[in-house]
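Trainee: Position one of the sequence shown corresponds to residue 1 (this note's numbering), numbered consecutively onward. If you scroll down you'll find the structure; I have some questions about it.
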Amino acid sequence: MPSHPYDDIIRLPHHVSKVHPQMSLHDRAAQFSPFAALVGYEEVVEETARVTTPKRELDEAEKAELDRRIGLLVPHLGEKPVVTIEYFLPDELKSGGAYVSRTAAVIRVSPVRKNLTLADGTVILFDDVVGIEGDLFRGEF
């Protein structure tokens, strides 16, 4: 039988420390998991790849029509008119944003602050609005 350098210890029982608690299998496995040297790198790459839309400028006719429709809302606020508003939502992290549409009752129009408030608490600046539709505007032409 060939002699190996570790023959004298190979069959000894595994040592269990009386001072240190035994490591769980989960913690032992974690020692061998891949190391992320660049913490947050994946998130940065994803954020860079995320596309935003630039805000478009309305022409004078479009602005006039939106002003007219916002003005029509004011005398009907007590009725809480339900409208669908398309507006620009600026991105919180980089330039541009997205165009979103929301359908809700309008509860407040503030010409001073140049915004309108929906029943769900959403406040939309007049300058961000690109379209307003609703029953209030149907049949007026």
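Glycine included, each C-beta is placed from N, C-alpha and C at the ideal position. All values reported here derive from a predicted model rather than from experimental measurement.
Whole-angstrom Cβ separation of residue 58 and residue 130, contact assumed at under 8 Å?
Mentor: 7 Å
Trainee: Could you tell me whether any Cβ in chain C is nearer than 8 Å to the Cβ of residue 13?
Mentor: In the displayed structure, chain C is absent; only one protein chain is listed.
Trainee: Please report the Cβ distance between residue 95 and residue 52, rounded to the nearest whole angstrom; I am assuming they are in contact, meaning their Cβ atoms lie under 8 Å.
Mentor: 7 Å
Trainee: Does the beta-carbon of residue 125 have 16 or more other beta-carbons within 10 angstroms, so that it is buried, or is it exposed?
Mentor: exposed
Trainee: Rounding to the nearest angstrom, what Cα-Cα distance links residue 24 and residue 13 in this structure?
Mentor: 19 Å
Trainee: What are the start and end residues of the alpha helix (DSSP H) that includes residue 28?
Mentor: If you look at residue 28, you'll find it in the alpha helix (DSSP H) that goes 25–30.
Trainee: In angstroms with no decimal places, state the Cα-to-Cα distance between residue 137 and residue 98.
Mentor: Near 25 Å, if we compare the C-alpha coordinates of residue 98 and residue 137.
Trainee: Per the contact definition of three or more C-beta pairs closer than 8 Å, is the segment 108–124 in contact with the segment 58–73?
Mentor: yes
Trainee: Whole angstroms is fine: what's the gap from residue 141's alpha carbon to residue 120's?
Mentor: With a pLDDT of 42 at residue 141, under the threshold of 50, the modelled position of this residue cannot be trusted; read the value that follows with caution. Spanning the two alpha carbons is a distance of roughly 30 Å.
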